[in-house]
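Working notes, beginning with the structure itself.
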Amino acid sequence: MTPIQRTQDAVRILCDAFLEDAPMRWLFPGPPEQRRLSAGRLFEGAVAESAAAGTLAMTGADAVAVWLPMPVGAHVAPPPEVELPERVRIMVELLAQRHSTDRAHLYLAFLGVAPERQGAGIGGALLAEGLRRADAEGLPAYLEASSPRNVPLYERHGFHRLGEPVHLPDGPPVWPMWRENKEN
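With full-length UniProt numbering, letter number 8 in the sequence shown gets 8, and the count goes up by one each step, no holes.
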């Protein structure tokens, strides 16, 4: 598979996995096909960045994990001069308030499983693989759970909630979570 095909497949898996996700519906409240197009543009940048860093993980056409290495001082929120749709900017800025900049870590920006394969343990296996990498590198990990259903999965993998969930204005909650690296 070519690198371009790999990133296109990753974006497609994420679009399918997150199409009916509550925060995604809040971000892009239009009809599903418009939401898919908008979400695809959102995912493309993160997937490309993860692929360039060598941290994009996939299991065939079933699941994808978009890990981003975050050095000390790195900010997730783009500078104000970068134009983003209003709701995307609001969400990014709210979540950035909880995202640590004082410690290097791996950021799980997205973990998506094809809808017909959800609940089969594929996402958990892909998550465990990324966490083994974080542990090998001596790095903690950070993510934002977009569904209350996913919080226990992440807790089983050693993540803990960073306080109360972030509530999007007139929208759903999102749970920032942190996991310390395991001692080697």
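Note that beta-carbon positions come from the ideal geometry of N, C-alpha and C, so glycine has one too. Keep in mind the model is a prediction, meaning the values are calculated, not measured.
Beta-carbon spacing of residue i, residue j below 8 angstroms
i       : j       : result
Gly-112 : Ala-63  : yes
Glu-51  : Thr-7   : Residue identity differs from the one stated: residue 51 is Ala in this sequence, not Glu. Yes. Within cutoff.
Thr-108 : Gly-130 : Reading off the sequence shown, one finds Leu at residue 108, where the question assumed Thr. The answer is yes: Cβ separation under 8 angstroms.
Trp-178 : Pro-152 : no
Ala-145 : Val-166 : no
His-75  : Ala-96  : yes
Ala-48  : Pro-115 : no
Val-11  : Gly-30  : no
Leu-126 : Thr-59  : yes
Val-98  : Leu-162 : Here residue 98 turns out to be Arg, not Val, going by the sequence shown. Result yes, Cβ atoms of Arg-98 and Leu-162 sit closer than 8 angstroms.
Residue i - DSSP class collapsed to helix/strand/coil
i           : result
residue 185 : A question about residue 185 goes unanswered here, because the residues of the chain that appear run from 1 up to 184.
Gly-112     : strand
Arg-161     : strand
Ala-141     : strand
Pro-3       : helix
Pro-152     : helix
Val-72      : coil
Pro-32      : helix
Arg-103     : coil
Trp-57      : Sequence check: residue 57 is Ala here, not Trp. DSSP places Ala-57 in strand when its eight states are reduced to three.
Arg-179     : strand
Ala-125     : helix
Ala-120     : coil
Opposing strand residues paired with residue i [DSSP bridges]
i      : result
Ala-48 : Bridge partners of Ala-48: none, in fact.
Rounded distance between the beta-carbons of residue j and residue i, thought under 8 angstroms
i           : j      : result
Leu-68      : Ala-53 : 7 angstroms
residue 185 : Trp-26 : As shown, the chain starts at 1 and ends at 184. That puts residue 185 outside it, with no answer to give.
Leu-14      : Phe-43 : 5 angstroms
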